[in-house]
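According to the working numbering, the sequence shown is numbered sequentially starting from -8. These notes are about the structure you will find just below.
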Amino acid sequence: MAEVEIKVENLVYAKPRLITDTVMHYCPGCSHGTVHKLIAEVIDEMGLEGKTIAVSPVGCSVFAYNYIDVDWIEAAHGRACAVATAAKRLHPNSLVFTYQGDGDLAAIGTAETIHAAARGENIVTIFINNAIYGMTGGQMSPTTLLGMKTATTPYGRDAALNGFPYKVSDMIAHLDGATYITRQSVHTPANVRKCKKAIRKAFENSLAGNGYSMVEVVATCNSGWKMTPVEANKWMEENLLPAYPLGDIKCSTLPK
C-alpha cells in the first residue's frame, strides 16, 4: 500500500472573507483598515453576514460599503444613528451598526447619537476618534486636544477661543439607554485583540435587545497630524490615550 503524505499547515494570517478586493482609499498607517478587518471577522464568526445592516455617513468612512461585504446604507452627514434606528425598528432581528468618525459623530451628529442612546435603541456605534477632521483637510474636531495644532488651530487649540474637547463615550455612558460603552485602540497587537472582543461584545449586546452600545476606537491620522505612521502611534500613546483612557466605561442592563 502506498504511503499517503499528510501535510499540516498552520494558518497564520488570511484576509477576512467579508473584506472585498477593492483597494482601500485610506492613507498608509490609518487605523480604519484595521478596524474594518475586525468588524468583518466578527460578523463572519458570528454567522451574521446575511443579517447585518451597516450605516456610514460622511467622512473618511464614507466608502466603507466598498470594503465590507454586507448591506450598507449611506446616511447624510451626522445622521447615521437616526438612519440606523429606522433600520433596526424595521428589521429587529438584524444586527445594525453605524461606523462614524469624531468629525461626524461628535459634531453635526451629536443630537442623533445622544437621542438614540437615550432611547436605548438596539444598535451599535463604532466611533473612530482621531481628534481631527481627516477627510476634509485636518481641521479641529470636537475631540481635538487643547494645544493640538490643526488646519484651523495652527497655534494649538485654545479653550478661550475654541472651547474644551469633550469625551463622547463618557457623556453617553450617563444615559440609561446606553448599556455597553467601551474605549479601545488598534495600535498594538494586544490592543487589536481587545478591540475585536469589544466589538463582538457590543454586537451581542445589541442582538440581545439590551439597548445602545458604543465602541470608541482611539485612532491615528498620521496624514492629518503630519507624521509618519510610527510617529503617529507614539504621539497617540503620549497624548491621546492620557486624555481618552482605554477600557470599558459602562457595562450594564436596561433599567426595568
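In this text, a Cβ means the ideal position worked out from N, Cα and C, and glycines have one as well. Treat the numbers as computed from the prediction; the structure is a model and nothing was measured.
Item	Value
Is it true that the stretch 139 to 157 meets the stretch 181 to 201, where meeting means three or more beta-carbon pairs spaced less than 8 Å apart?	no
Does the stretch 70 to 78 come within contact of the stretch 124 to 143, defined as at least 3 CB pairs closer than 8 Å?	no
If you pair each beta-carbon of the stretch 233 to 240 with each one of the stretch 35 to 47, do three or more pairs fall below 8 Å?	no
State the DSSP-derived secondary structure class of Glu207, mapped to helix, strand or coil.	strand
Would DSSP call Arg174 helix, strand or coil?	strand
Between Ser197 and Cys18, which are expected to be in contact by the criterion C-beta below 8 Å, what is the C-beta distance as a whole number of angstroms?	Rounded, the Cβ-Cβ distance is 30 Å, inconsistent with contact.
Can you give me the C-alpha to C-alpha distance between Ala67 and Val49, rounded to a whole angstrom?	7 Å
Taking the beta strand (DSSP E) that Asp35 falls in, what are its first and last residues?	Per DSSP, Asp35 belongs to no beta strand (DSSP E); it is in the alpha helix (DSSP H), His23 to Glu36.
Can you tell me where the beta strand (DSSP E) with Val53 in it begins and where it stops?	Looking at the DSSP string, Val53 is not in any beta strand (DSSP E), and its letter there is neither H nor E.
Pop quiz: Gly248 and Gly168 are said to be a contact at Cβ under 8 Å. What is the actual Cβ separation, rounded to whole angstroms?	A query on residue 248 cannot be resolved here, the shown segment of the chain reaching from -8 to 247 and no further.
On a CA-only basis, which of Asn121, Tyr146 and Thr143 is nearest Val159? Give me that one, please.	Asn121
Roughly how many angstroms separate the alpha carbons of Pro133 and Asp60, rounded to a whole number?	31 Å
Note the first and the last residue of the continuous alpha helix (DSSP H) segment covering Asn213.	Asn213 to Trp216
At the level of alpha carbons, what is the spacing between Gly94 and Ala102?	13 Å
Report the three-state DSSP secondary structure of Ser197 (helix, strand or coil).	helix
In whole angstroms, what separates the C-alpha of Ser204 from that of Phe194?	8 Å
Please report the residue range of the beta strand (DSSP E) in which Thr89 lies.	Leu86 to Gly92
Which residues in the same chain have their Cβ closer than 7 Å to the Cβ of Gly138, if we skip the five residues on either side of it in sequence?	Gly147 and Arg148
Would you mind sorting Val209 into buried or exposed? The rule is 16 or more other CB atoms within 10 Å of its CB.	buried
So the alpha helix (DSSP H) Val74 belongs to, where does it begin and stop?	Ala71 to Leu81
Let me make sure I understand the geometry here. Which of Leu81, Tyr171 and Ile10 has the alpha-carbon closest to that of Val206?	Tyr171
Tell me Thr43's beta-bridge partners as DSSP assigns them.	Leu86
Using the Cα positions of His178 and Trp226, report the straight-line distance between them to the nearest angstrom.	11 Å
Residues in its own chain within less than 7 Å of Asn182 by CB, not counting five upstream and five downstream?	Gln175 and Ser176
Round the Cβ separation of Cys248 and Gly20 to the nearest angstrom and send it over; I've been treating them as touching at under 8 Å.	This structure cannot settle anything about residue 248, because the visible part of the chain is limited to -8 through 247.
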